[in-house]
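Data first, discussion second: the structure below is written as structure tokens.
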Amino acid sequence: MSMSSSRKLDILPHEETDPVERFRAHLYHRTLDYSIAAACLKEADLADRLDAKLGFETVKWLLESDDRVDVSESEAGIIMLQHMTNLLVREGQEELLWDWMQKQPGDQGMAGGRPASRFQRRACALRALVETKACRSTNNQDNLDASLQAYLRAKKCPERIPLDLAKDYLINELTKPTDRIQDNSDKGKGWTKETYEELQRRCPWPRTDPALRQAFHDDIGSKNWPARKRQAFMKLYDPDKPDAEPFLQYCDRIAALV
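Dropping the structure here:
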């Protein structure tokens, strides 16, 4: 370590105004916690400080730490996890997140916490990952392929990663236009070809690869969706002839029951 770097680390953490240096100062002085890390990561993420590799430094800290307080048990921990995940993906270090998600109790430098906490940590990390990939796809015509690929990879992991949080997020994203459909139905406006085409312009259905979409819906199964809703939804993503009408009719029926 250079003398200039040593002098920099000697500055007390609370005196640092730069989020990256503040993070590193707290890490050096062993005063870093989830609340401090969340604040630093959020500021660095929003400022696009990718050059600092703060996502890498954070997951390295977590991999080496003794997790007596689980990251998923506090709001600050969840915020830290979200920004760490976003930074890792943007830094090209996503594999480190998978390493951390699958870390086992007894692995070097990590206690692992209670089994329930360990599974909750994995669930929250996967949810953050699919959300990050979905948000990054907004400039690519709302393509959810990367998010679906992450979900399906987690399903095949040798170490169990709970899928429900990520699954609920993906279902919501895939059916996002139905919020406006339901709202229109609740107001008694009904749907015509013209109103649906206007909805498509304002809120298009997400684009997904047919094979990924099919794999996801096969995994969802009838336990999560009523059969009628699932059949109607599948029509939206038919690779040969997408048809929204069955789903619109389904939403109108549900609205009539409210």
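Going by the numbering used here, the first residue of the sequence shown is number 46, and it counts up by one from there.
For every residue, glycine included, the Cβ atom is placed at its ideal position computed from N, Cα and C.
Exercise. Mapping DSSP to helix, strand and coil, what is Arg198?
Worked result: Counting from 1 along the sequence shown, the entry for residue 198 is found at position 153. Arg198 falls in the helix class under three-state DSSP.
For this session: Could you tell me which residues DSSP puts in a beta bridge with Arg167?
Result: As a first step, residue 167 is located in the sequence shown; it is residue number 122 there, counting from the start. Partner(s): none; Arg167 has no beta bridge.
Exercise. What residue range is occupied by the uninterrupted alpha helix (DSSP H) comprising Pro64?
Worked result: For the purposes of this step, residue 64 is taken as the residue at position 19 of the sequence shown. Looking at the DSSP string, the run of the alpha helix (DSSP H) that includes Pro64 is Pro64 to Tyr73.
For this session: Express the C-alpha separation of Arg75 and Glu176 in angstroms, rounding to a whole number.
Result: Locating residue 176 in the sequence shown gives position 131, counting from the first residue. Locating residue 75 in the sequence shown gives position 30, counting from the first residue. Distance between the alpha carbons of Glu176 and Arg75: 31 angstroms.
Exercise. Is Ser192 closer than 8 angstroms to Ala179 when the C-beta atoms are compared?
Worked result: In the sequence shown, residue 179 corresponds to position 134, counting from 1. In the sequence shown, residue 192 corresponds to position 147, counting from 1. A contact, by the Cβ cut-off of 8 angstroms.
Problem set entry | Classification of Thr62 by the beta-carbon crowding that lies within 10 angstroms, buried from 16 upward | In the sequence shown, the residue the question calls residue 62 occupies position 17. Burial call: exposed.
Problem set entry | Backbone secondary structure at Arg205 - three-state DSSP | For the purposes of this step, residue 205 is identified with residue 160 of the sequence shown, where counting begins at 1. Coil at Arg205, not helix or strand.
Exercise. Quick one: what does DSSP say Glu290 is sitting in, helix, strand or coil?
Worked result: As a first step, residue 290 must be located in the sequence shown, where it is residue number 245. Residue state for Glu290 is assigned as helix, using DSSP reduced to three classes.
Problem set entry | Status (buried if at least 16 other CB within 10 Å, exposed otherwise) for Glu204 | The residue you call residue 204 lines up with position 159 of the sequence shown. So Glu204 counts as exposed.
For this session: Work out the CA separation of Arg69 and Gly100 for me, nearest whole Å.
Result: Position 55 of the sequence shown, counted from the first residue, corresponds to residue 100. Position 24 of the sequence shown, counted from the first residue, corresponds to residue 69. Near 12 angstroms, if we compare the C-alpha coordinates of Arg69 and Gly100.
Problem set entry | Distance, Asp90 Cα to Asn131 Cα | To locate residue 131, count along the sequence shown from 1; it is residue 86. To locate residue 90, count along the sequence shown from 1; it is residue 45. Approximately 8 angstroms, taken between the alpha carbons.
Problem set entry | Test item: CB-CB of Ala170 and Met146 under 8 angstroms | Within the sequence shown, numbered from 1, the residue matching residue 170 stands at position 125. Within the sequence shown, numbered from 1, the residue matching residue 146 stands at position 101. Contact flag set, yes.
Exercise. Is the Cβ-Cβ distance between Val104 and Leu133 less than 8 angstroms?
Worked result: The residue given as residue 104 occupies position 59 in the sequence shown. The residue given as residue 133 occupies position 88 in the sequence shown. One thing to note: Val104 has its Cβ within 8 angstroms of the Cβ of Leu133.
For this session: Would you mind reading off the limits of the alpha helix (DSSP H) that contains Asn131?
Result: Indexing the sequence shown from 1 puts residue 131 at position 86. Run containing Asn131: Glu120 to Glu136, per the alpha helix (DSSP H) assignment.
Problem set entry | Terminal residues of the alpha helix (DSSP H) in which Thr76 lies | Walking along the sequence shown from the start, residue 76 turns up at place 31. Under the DSSP assignment, Thr76 falls outside any alpha helix (DSSP H); it carries neither an H nor an E label.
Exercise. Between the beta-carbon of Asp190 and the beta-carbon of Leu257, is there less than 8 angstroms?
Worked result: For the purposes of this step, residue 190 is taken as the residue at position 145 of the sequence shown. For the purposes of this step, residue 257 is taken as the residue at position 212 of the sequence shown. Yes, Cβ-Cβ distance for Asp190 and Leu257 is below 8 angstroms.
For this session: Could you name the residues of the same chain whose beta carbon sits closer than 7 angstroms to that of Gln127, not counting the 5 residues immediately before and after it, in chain order?
Result: Taking the first residue of the sequence shown as position 1, residue 127 is located at position 82. So the qualifying residues of the chain are Ala173.
For this session: Assign Arg198 to one of two classes, buried (16 or more other C-beta atoms within 10 Å of its C-beta) or exposed (fewer than that).
Result: Here residue 198 refers to the residue found at position 153 when the sequence shown is read from its first residue. By the neighbour-count rule (16 or more Cβ atoms within 10 Å), Arg198 is not buried but exposed.
Exercise. Quick one, which of Leu108, Ser119, Arg181 and Ile124 has its alpha-carbon nearest Trp143's?
Worked result: For the purposes of this step, residue 143 is identified with residue 98 of the sequence shown, where counting begins at 1. Distances from the CA of Trp143 to each of Leu108, Ser119, Arg181 and Ile124 were compared; the closest alpha carbon is that of Leu108.
For this session: Ignore the nearest five residues each way along the sequence and tell me which others in Ala97's own chain have a CB closer than 7 angstroms to its CB.
Result: The residue given as residue 97 occupies position 52 in the sequence shown. Spatial neighbours of Ala97 in its own chain (CB-CB distance under 7 angstroms, excluding positions within 5 residues in sequence) are listed in chain order as Val65 and Ala89.
For this session: Spatial neighbours of Pro207 within its chain, please: CB distance less than 7 angstroms, with the 5 preceding and 5 following residues excluded, ordered by chain position.
Result: As a first step, residue 207 must be located in the sequence shown, where it is residue number 162. The residues are Phe164, Arg167 and Ala168.
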